[in-house]
Ligand SMILES: Nc1ncnc2c1ncn2[C@@H]1O[C@H](COP(=O)(O)OP(=O)(O)OP(=O)(O)O)[C@@H](O)[C@H]1O
Ligand SMILES: Nc1ncnc2c1ncn2[C@@H]1O[C@H](COP(=O)(O)OP(=O)(O)OP(=O)(O)O)[C@@H](O)[C@H]1O
Ligand SMILES: [Mg+2]
Ligand SMILES: [Mg+2]
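Chains as they are written, first to last, in my numbering: chain S, 37 to 293; chain V, 37 to 293; chain G, 6 to 264; chain W, 6 to 264; chain A, 11 to 314.
Rendered as structure tokens:
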């Protein structure tokens with residue numbers, strides 16, 4: 037209990053201080069709300085449009101979570117596959133970079149044709165955007181296994197499956213979690229951007245809310261929606277962080293205080 | 037020489053095979069070019085618009101490279117700062133996630149307000165998008181230093197600067213390079229997306245080229261521009277990969293064949 | 006090289022013919038080395054630091070390959086590499102597993118049931134004197150304790166060929182003698198083939214049925230000595246004159262090989 | 006606890022008062038331990054595996070802190086922790102540096118010039134017999150070689166207080182005796198304070214001006230013995246009756262402490 | 011592809027099920043469709059219409075048969091046809107193109123040419139046909155052209171900033187925030203493609219002529235009704251699009267009236283198109299090298 041409190045208060049204090057500063061600056065300089073709204077304006081907008089924000093967040097969350105889940109799954113599998121043989125890594129690793137460099141706008145028409153507007157396409161966007169960090173970090177982790185332990189497994193004739201689950205994956209976990217930390221934020225942004233290109237207004241997520249609020253110059257609402265997206269990212273990040281801490285606390289240097 | 041050839045041919049073979057397969061499938065199924073163009077269509081479009089593609093790639097490269105460079109610099113500094121004290125990590129690490137979850141469209145107006153349209157804003161986009169992986173991986177690397185070596189440095193009264201440059205950074209290098217691999221692709225996409233919101237048509241980069249080709253249903257040109265972006269990402273990735281290999285080859289398990 | 010008398014009988018369990026090992030960077034570690042070990046022998050290997058003892062064991066285990074020469078492992082008594090266990094020079098424990106789960110690993114990899122694994126692991130841990138640390142993680146153990154965990158992990162499989170690289174180097178003399186005696190008793194009972202690297206001449210003499218002494222790099226065998234001690238041994242034998250005599254033989258060879 | 010005769014003169018260089026160390030999870034390792042070491046003493050520390058020897062050294066080095074009790078390091082002769090060197094039980098080399106740069110590290114951290122660093126490091130490497138491996142990386146060294154690198158790294162600083170945790174455990178007896186003799190000569194010349202953990206009674210007797218023997222965990226000092234050997238020592242002393250006598254004293258205490 | 015044709019021609023029990031894809035949220039520019047839906051005009055024609063609003067890719071979806079009807083602009087239709095996509099225009103809501111360039115009144119510009127020939131910044135979406143047209147017509151272009159980001163923050167913030175707009179949208183929002191927008195219609199410069207056009211696939215039209223005719227008839231009624239009294243539909247759309255306030259809805263509905271109802275439509279009916287205008291457009295696009303293969307004007311549209 038005291039432990040988790042220690043983890044929570046420093047960012048909370050930072051958060052509050054930053055916002056007070058922001059409010060002050062905006063008020064002092066008299067910046068109009070449509071340009072840069074003060075935290076209080078944003079808060080008011082959030083309260084006014086509470087219901088819409090909530091459903092939008094729900095839609096975006098669903099896509100981000102599903103996309104993130106897919107990334108974890110596929111990223112682990114691909115990372116494992118790439119690490120299994122040097123020539124496989126050489127032949128395919130460079131191409132996984134494509135995933136990152138393809139602008140969603142470019143593949144959006146295909147996505148929409150195959151999956152239609154809405155959840156499926158948006159989920160795939162979140163997935164594509166957040167996949168590579170999981171692959172890269174899994175691969176790096178699997179490649180850094182203690183060579184002595186690798187020898188041990190070889191000696192005891194451990195098959196590839198056992199070596200994977202009992203040696204490589206556990207050894208790669210600290211790296212994998214770094215990948216998941218990065219992927220958590222990217223999944224959210226992937227979902228938001230995915231909505232720009234393949235969302236539907238009938239299930240308006242945060243991305244489309246940002247766009248339509250922005251078009252109507254409701255800047256405080258834009259910021260509120262962005263804040264909701266950030267909180268979503270933060271929540272996902274916190275979950276990843278906590279699971280990482282929990283799984284590594286016994287043995288890995290990075291989990292120690 | 038033979039070594040680098042070994043690194044180059046597997047992806048090359050994969051590349052050629054994939055494209056032959058793609059061409060075949062598209063031809064057999066009679067998919068129209070506006071939906072999914074065949075490699076030959078894309079190649080033709082690239083040849084037709086060679087000059088435009090080249091200048092667009094040059095513009096995007098500049099922004100991506102500058103943004104990537106900034107990310108490396110700032111990411112290392114922030115990662116180092118976060119790792120210096122547990123409470124700093126606690127107070128600020130979560131907020132670096134914001135960087136990833138804020139949609140560029142939302143902050144683009146601010147960017148443009150401060151930096152104007154063009155290179156500076158696009159560079160900053162590339163920077164923002166590619167920063168977090170560098171931070172996260174640097175931090176993870178710095179936290180996994182061999183505790184025995186940390187003790188040694190403590191014992192010899194090494195100050196924070198020396199500990200940083202002689203212990204933590206070298207030990208974190210394998211992780212840092214994983215971060216850079218991820219950042220390399222993200223910097224390119226950051227530049228491309230940055231152009232959507234903050235580019236200018238006189239210095240049209242790949243992002244605007246993709247958008248205008250896409251609006252005019254010139255799908256082969258869209259794919260050609262995407263391919264150019266991917267090649268750019270690939271080149272950056274290869275540079276990072278090679279430097280990583282070169283710096284770690286002597287000692288790190290991950291760099292061994 | 007004199008042919009050793011056959012102890013376990015049958016063909017050699019391990020045979021190395023004309024082995025040369027040169028590492029990248031040109032470090033010539035072993036040169037034209039010949040060695041054959043009968044099934045059931047307890048072979049002690051001595052030699053100066055860096056002469057290639059660990060390299061030799063790795064070659065036998067198939068974890069490294071010679072630049073030239075042939076390594077052959079297996080005989081009628083010991084059919085293949087299936088029954089090998091290896092105590093590395095460093096403990097190499099899995100940091101994410103506690104002591105008992107580290108020790109149980111080889112059984113797990115063999116696919117044995119959880120309850121049998123636990124039982125065997127517990128017994129092995131008790132033998133090395135770590136019963137009260139069986140729930141701790143490697144980072145909570147002392148150096149000697151880690152090494153003992155690694156030892157227990159090797160013994161838990163009841164191997165046919167046991168490769169041990171200075172397994173007792175980081176233990177106090179009493180614990181070490183106790184484990185020496187246990188190991189000898191185990192060998193008398195099970196007659197597995199053992200290749201045992203040690204720096205302690207006393208230990209080599211006490212345990213081995215044969216000892217080889219290697220020279221400085223590139224490692225060659227400068228002595229191949231069949232033990233004159235009786236098979237029945239106990240703590241008492243350390244004070245017998247024949248024991249001292251054996252030690253002297255090895256010391257001389259070591260001095261000669263280190264020159 | 007008998008007060009040791011003063012060798013270096015002056016106040017104790019290291020003094021531990023009522024030290025208790027209990028790890029998370031309730032492992033009581035040291036309990037109410039008192040120890041004071043005069044400047045210039047060579048103290049050997051013996052004890053069963055896991056009794057808290059490494060923990061003791063870490064407390065002295067300030068790398069760990071007692072749950073209760075006081076650790077004080079420094080005297081007129083040795084003002085602070087500035088002049089400490091530590092040979093850990095594991096070599097802990099920097100994998101990204103070759104031997105010479107690993108050895109030069111402490112000098113680098115002190116801010117010495119590159120050429121002086123190189124020179125001192127080379128000399129130290131030669132002393133531990135690794136001259137021809139000075140350009141290799143840790144993953145290209147044998148176990149004993151790594152440990153010798155770590156030793157060279159500690160000696161290169163010419164420390165006032167030298168903490169050594171089984172530095173010679175993974176070396177063959179000849180190399181070990183050579184290094185023992187070198188270390189003793191160095192101590193005679195420089196009279197630094199040494200805390201030396203070892204499992205080898207012979208080594209302890211040969212090197213130390215005083216030896217303590219610890220009991221099983223929780224570690225207490227069961228013997229605190231001032232050496233009867235003359236200050237002038239050489240390889241020859243190992244065969245003197247007084248040497249054997251000293252060994253017997255320590256053996257007994259060890260047996261008693263391990264019971 | 012055959013599958014989609016099948017599904018589009020199936021008749022459910024209570025009439026043909028068809029889908030209309032709009033390219034933005036419910037706004038006055040779609041008022042007629044929602045009115046037709048709301049007043050049951052589609053139902054009266056035995057049509058079961060679903061309206062979806064999505065931000066992008068209407069062309070591809072209609073072309074691939076994922077929806078029977080969509081909204082496009084005339085220049086987009088010509089481009090699509092020149093790429094071999096069989097899409098046909100059926101009903102043009104806007105006789106006069108509602109796109110314009112919005113500048114600040116204070117700059118004192120008299121025509122679009124002034125905007126392009128003066129220094130400053132102009133934000134437009136990349137790839138728009140009319141931008142090429144304007145650039146060719148009003149050389150030398152001195153303004154910096156940048157991508158439009160769907161927001162008017164930049165416009166509000168800097169006086170030398172101009173941007174593309176829908177006459178029914180951005181200028182109204184800017185005025186509400188106290189700016190002084192001045193709008194020049196693109197149409198006045200001589201480039202005036204129909205806009206807000208209901209399209210369908212050629213083969214759907216051929217195989218389901220009746221459905222198409224019914225749909226257009228109902229749509230026409232819907233627009234008639236919306237032009238006469240937009241209140242009810244505005245309220246309904248306002249509940250689906252809360253980012254736009256009621257006042258803006260009303261203002262936009264009023265502002266677009268003259269673009270929809272012209273002498274032409276009063277004579278031939280709302281939404282009807284003429285061959286000459288298509289011909290002109292195709293010629294213009296050809297001249298601008300926007301298209302390589304020119305479709306004939308006749309194949310681009312029908313007036314069902
Ligand atoms: N990967 C490698 N690359 C280059 N040289 C190597 C490598 N591995 C071992 N060596 C060298 O081979 C020699 C023998 O090493 P090995 O580990 O077999 O010695 P050892 O007899 O076990 O020594 P010790 O008693 O110190 O453990 C050493 O000189 C070592 O430096
Ligand atoms: N971080 C820790 N958490 C829990 N227990 C620990 C921790 N570190 C050490 N111990 C325990 O403290 C005891 C003493 O450890 P220490 O390393 O000091 O032993 P040692 O005397 O050096 O033994 P050895 O001769 O085997 O190196 C051991 O029982 C060990 O398990
Ligand atoms: Mg060895
Ligand atoms: Mg210890």
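Backbone N, C-alpha and C fix where the C-beta goes; we use that ideal spot for every residue, glycine too.
If I measure Cβ to Cβ from residue i and keep anything under 6 angstroms in the same chain, skipping five residues before and after, which residues do I get?
i	result
residue 224 (chain V)	100, 265, 268 and 269
residue 155 (chain W)	92 and 96
residue 164 (chain A)	171
I'd like to confirm something about residue i: is its beta-carbon nearer than 7 angstroms to some heavy atom of ligand 4, or not?
i	result
residue 58 (chain W)	yes
residue 148 (chain G)	yes
residue 170 (chain W)	yes
Comparing the CB of residue i with every heavy atom of ligand 1, is any distance shorter than 7 angstroms?
i	result
residue 29 (chain G)	yes
residue 108 (chain W)	no
residue 67 (chain G)	no
Keeping to the same chain, check which residues put their C-beta closer than 7 angstroms to that of residue i; ignore five residues upstream and five downstream.
i	result
residue 84 (chain G)	Bear in mind that a pLDDT of 46 at residue 84 (chain G), under 50, signals an unreliable position, so the number given afterwards is only what the model happens to contain. Excluding sequence neighbours, residue 84 (chain G) sits near nothing in its chain.
residue 303 (chain A)	92
residue 264 (chain W)	none
Is the beta carbon of residue i within less than 7 angstroms of some heavy atom of ligand 3?
i	result
residue 145 (chain W)	no
At a cut-off of 7 angstroms, is residue i close to ligand 2 when judged by its beta-carbon and the heavy atoms of the ligand?
i	result
residue 94 (chain G)	no
To which residues of the same chain is residue i closer than 8 angstroms at the C-beta, ignoring the five residues directly before and after it?
i	result
residue 108 (chain V)	170, 216 and 219
residue 176 (chain A)	39, 108, 109 and 110
residue 200 (chain V)	116
Listed from N- to C-terminal order along the chain, which residues in the region 178-190 of chain V have their beta-carbon within a distance smaller than 8 angstroms of any beta-carbon of chain W?
-> 182, 184, 185, 187, 188, 189 and 190
Residue ranges of each alpha helix (DSSP H) within the region 195-272 of chain S, 4 or longer = 196-199, 205-234 and 242-251
Where in the region 106-184 of chain V do unbroken runs of the alpha helix (DSSP H), each at least 4 residues long, occur, reported from the N-terminal end onward?
-> 122-137, 140-151 and 155-179
Can you list, in chain order, the residues of the region 160-171 of chain A whose Cβ is nearer than 9 angstroms to any Cβ on chain V?
-> Cβ contacts with chain V: 160, 161, 163, 164, 167 and 168.
Contact residues within the region 59-74 of chain V, judged by C-beta distance below 8 angstroms to chain A | 68, 69, 70 and 71
Hey, which unbroken runs of the beta strand (DSSP E) at 3 residues or more fall wholly within the region 133-179 of chain W?
-> Counting only runs of 3+ residues, the beta strand (DSSP E) found wholly inside the region 133-179 of chain W occupies 166-170, in chain order.
Compile a chain-ordered list of the residues in the region 231-250 of chain V whose CB is closer than 9 angstroms to at least one CB of chain A.
-> Against chain A - using a Cβ distance shorter than 9 angstroms - the residues of the region 231-250 of chain V are 231, 232, 233, 234, 235, 236, 237, 238, 240, 243, 244, 245, 246, 247, 248, 249 and 250.
At 3 residues or longer, and completely inside the region 235-307 of chain A: list those beta strand (DSSP E) runs for me, N to C.
-> none
Would you call the region 86-104 of chain A and the region 181-191 of chain A in contact, with 3 or more CB pairs under 8 angstroms?
-> no
For the region 227-256 of chain G, enumerate the residues whose C-beta is nearer than 7 angstroms to any C-beta of chain W, in chain order.
-> Taken residue by residue, none of the region 227-256 of chain G has a beta-carbon sitting less than 7 angstroms from a beta-carbon on chain W.
Would you be able to state if there are at least three C-beta pairs under 8 angstroms between the region 87-107 of chain S and the region 136-149 of chain S?
-> no
Specify whether the region 208-215 of chain G and the region 179-196 of chain G touch according to this definition: at least 3 beta carbon pairs, one from each stretch, less than 8 angstroms apart.
-> yes
Fully enclosed by the region 184-229 of chain W, which alpha helix (DSSP H) runs are 4 residues long or longer?
-> 206-212
What alpha helix (DSSP H) runs, 4 residues minimum, are completely inside the region 34-83 of chain W?
-> 58-66
Does the region 241-259 of chain V come close enough to the region 68-76 of chain V that 3 or more CB-CB pairs lie under 8 angstroms?
-> The region 68-76 of chain V, when compared against the region 241-259 of chain V, does touch it at the 8 angstroms Cβ threshold.
What residues from the region 60-80 of chain A come within 8 angstroms of chain S, judged by C-beta to C-beta, listed N to C?
-> 62, 63, 64, 65, 66, 67, 70, 71, 74 and 76
Any contact of the region 117-133 of chain G with the region 47-59 of chain G, i.e. 3+ C-beta pairs under 8 angstroms?
-> Counting Cβ pairs under 8 angstroms, fewer than three are found: no touch.
Give a yes or no on contact between the region 104-116 of chain W and the region 149-165 of chain W, applying the rule of three or more CB pairs nearer than 8 angstroms.
-> yes
In chain order, what residues of the region 200-231 of chain V put their CB closer than 9 angstroms to some CB of chain S?
-> 210, 211, 213, 214, 215, 217, 218, 220, 221, 222, 224, 225, 228 and 229
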